[in-house]
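Residue numbers (full-length UniProt numbering): 1 to 521.
This is how it looks when you write it as structure tokens:
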């Protein structure tokens, strides 16, 4: 789940991980020295010495239940609290204790930094050397630099954006030059957005930390509503917490909201109403399938029959894959909220709007990069000469193979257990232990093959030594294999998987998917 009041395309699941309550965010807090608030693993010690956002630097922001105040819970499940002497501790087990409640406010200096005022002490949370204090300032006084915090959302960076006021989703406009917030459901690649955190310490040309909204056509949202090829300070927004929802403010103090009949996303108001509030929702995998038998896309364009008979991808050829944790199988859903369902005669139809065991399928990945669907009757789905799909194959022959494209990831962000995929400093070599991510452009080839392109305009080349973005032409192709809702395996054309090492290097490794790296995407 997502860490900013996220949902799963209409299902009521909130948070960055299962069980996270409504209105909770997972965040990192960065002080004026660009160090993260950190909860050490032992002794419940806290400091502001973290260099990047990792487990010890992640805090769950929870509504306290007392007005608009919030609580901050560490990765150890203990709450940040202030005692009677202004000492800041992180041993509190219950958020109901008065010393654990804080009030959030935002500076008016254009930096978007937060101030956290203790409800019991009335003073601001401050980072001083190796310790935190809550006794430095006075109520009503101008905050000192030590009392100001940049906020780094720990949500998965690729999301769907839903307007609370309009109850609609954001998508790229048909002219590809604006973002419009009028989609009923987040369907297809144009509803995917990457929230890029820009750290002031890394020299982002604005002098502020905040977020850029990166579209699927590799452009950035300008505060006046147009999309630009390059990032500038006019494309940077600070994140604000309002009752569990997100507001995004530009450097002049104006908030993003959908404006006019086209619901163009741009800044206008200096106050926050429902129109300025958003939730970030998990972007579930959406795919298209090409039948190996006739090289046509599987479609529901002509009615309830699921048929491989189309030459191009539209919403009718795009399907959402919804994972059933208990069976480790998948529901396949159409834009009309119908599920691929096994009918009595073995045919596959998208007629049912209810989930059932006959709407569950195993994805069986093949050595040649294709996938087969095993239905509830134990048979594989195969394509008839007419293009109709029937679950009547005992084995995976050519007619039972389909090539897979992950449609709603035209831009990828990849993460291993060691960190994000990004460039080694001063090099075209890629590593997978970075604190910040590099967005990767995905270009579709034939028969399920994709090519990866870096922001430097060069294509990925992978071998047994490593991976680099240095090729002028798309020579190396890859297959994507969906293993669960959040992870993929990446396989080369010769059958070797991209494998991460503990030192941050990654390369082509063995052909066994059991030992292959499952990349979070």
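All residues carry an ideal CB built from backbone N, CA and C; glycine is no exception.
These figures come from a predicted structure and were not determined experimentally.
Inset, instruction - In the DSSP assignment, find the beta strand (DSSP E) that holds residue 59 and state where it starts and stops. - result: 59-63
Inset, instruction - Identify whether residue 134 lies in helix, strand or coil by the three-state DSSP scheme. - result: coil
Inset, instruction - Mark residue 455 as exposed unless 16 or more other C-beta atoms lie within 10 angstroms of its C-beta, in which case mark it buried. - result: Only exposed fits residue 455, as fewer than 16 other CB atoms lie within 10 angstroms of its CB.
Legend entry - For residue 346, the nearest candidate out of 370, 335, 306, 330 (CA to CA): 306
Legend entry - Collapsed DSSP secondary structure at residue 314 in the structure displayed: In the structure shown, the three-state DSSP call for residue 314 is coil.
Inset, instruction - Whole angstroms is fine: what's the gap from residue 162's alpha carbon to residue 465's? - result: 42 Å
Legend entry - Runs of beta strand (DSSP E) lying entirely within the region 425-501, each at least 3 residues, in chain order: Annotation note: the region 425-501 contains the following uninterrupted beta strand (DSSP E) runs of length 3 or greater, listed N- to C-terminal: 430-434, 440-444, 450-453, 459-462, 467-471, 478-484, 487-492, 498-500.
Legend entry - Beta carbon of residue 208 nearer than 7 Å to that of residue 111: yes
Legend entry - Beta carbon of residue 359 nearer than 7 Å to that of residue 334: Between residue 359 and residue 334, the gap from beta carbon to beta carbon reaches 7 Å or more.
Inset, instruction - Figure out for me which residue from 244, 237, 241, 242 has the closest Cα to the Cα of residue 256. - result: 237
Inset, instruction - Buried or exposed for residue 445, please, with buried defined as at least 16 other CB atoms from any protein chain shown within 10 angstroms of its CB. - result: exposed
Inset, instruction - State the CB to CB distance for the pair residue 369 and residue 294, rounded to an integer number of angstroms; the pair is presumed to be in contact (CB under 8 Å). - result: Actually they are not in contact, since the Cβ atoms of residue 369 and residue 294 sit about 18 Å apart, beyond 8 Å.
Legend entry - Under 7 Å between C-beta atoms of residue 375 and residue 382: no
Legend entry - Under the three-state DSSP convention, the category residue 122 falls into: Note: residue 122 maps to coil in three-state DSSP.
Inset, instruction - Could you tell me if the beta carbon of residue 133 falls within a distance shorter than 6 Å of some heavy atom in the ligand ADP? - result: In the structure shown, the ligand ADP is absent, as is every other ligand, since no ligand is present at all.
Inset, instruction - Classify residue 24 as helix, strand or coil using the three-state DSSP reduction. - result: coil
Inset, instruction - Check whether the Cβ atoms of residue 113 and residue 80 sit closer than 7 Å, and answer yes or no. - result: For residue 113 and residue 80, no; Cβs fall outside 7 Å.
Legend entry - Segment limits, beta strand (DSSP E) that includes residue 49: 46-50
Inset, instruction - May I ask you to verify whether the region 183-200 touches the region 315-323, counting CB pairs closer than 8 Å and requiring at least 3? - result: Between the region 183-200 and the region 315-323 there are three or more inter-stretch CB-CB distances shorter than 8 Å, so the stretches are counted as touching.
Inset, instruction - Measure the Cβ-Cβ separation of residue 247 and residue 264 and say whether it is below 7 Å. - result: no
Inset, instruction - List the residues that DSSP assigns as beta-bridge partners of residue 362. - result: For residue 362, the pairing in a beta bridge is given by DSSP as 374.
Legend entry - CB contact flag (residue 134, residue 82, <7 Å): yes
Inset, instruction - Work out the CA separation of residue 258 and residue 428 for me, nearest whole Å. - result: 39 Å
Inset, instruction - Would you mind stating whether residue 179 and residue 170 have Cβ atoms separated by less than 7 Å? - result: yes
Legend entry - Local conformation of residue 391 per DSSP, three classes: strand
Legend entry - Three-way DSSP call (helix, strand, coil) for residue 100 in this model: helix
Inset, instruction - Rounded to whole angstroms, what's the CA-CA distance from residue 261 to residue 158? Just pull it up for me. - result: 27 Å
Inset, instruction - My understanding is that residue 519 touches residue 488, with C-beta atoms under 8 Å, so please give their C-beta distance in whole angstroms. - result: 5 Å
Legend entry - Of the residues 351, 253, 507, the one placed nearest residue 109, counting alpha carbons only: From the listed residues 351, 253, 507, the smallest Cα separation to residue 109 is found for 253.
Legend entry - Outcome for residue 395 when other beta-carbon atoms lying within 10 angstroms are tallied against a minimum of 16: Here residue 395 is exposed, its C-beta having fewer than 16 other C-beta atoms within 10 Å.
Legend entry - Assigned exposure category for residue 337 - 16 Cβ within 10 Å defines buried: By the 10 Å Cβ count, residue 337 comes out exposed.
Legend entry - DSSP-derived helix/strand/coil call for residue 379: coil
Legend entry - Cβ separation of residue 26 and residue 126, assumed to be a contact under 8 Å, to the nearest whole Å: Not quite, the Cβ-Cβ distance comes to about 23 Å (not below 8 Å), so this is no contact.
Legend entry - Inter-residue CB distance, residue 422 and residue 405 (contact presumed, cutoff 8 Å): Contact doesn't hold; Cβ gap of about 25 Å is too wide.
Inset, instruction - Specify, as a first and last residue, the run of the beta strand (DSSP E) that residue 33 falls within. - result: First-last for residue 33: undefined, no H or E at that position.
Inset, instruction - Run through the UniProt domain "Fascin-like" (160-280) for me and flag every whole beta strand (DSSP E) of 3 or more residues, listed as ranges in chain order. - result: The qualifying runs are 169-172, 179-183, 193-198, 210-214, 238-242, 245-249, 255-259, 264-269.
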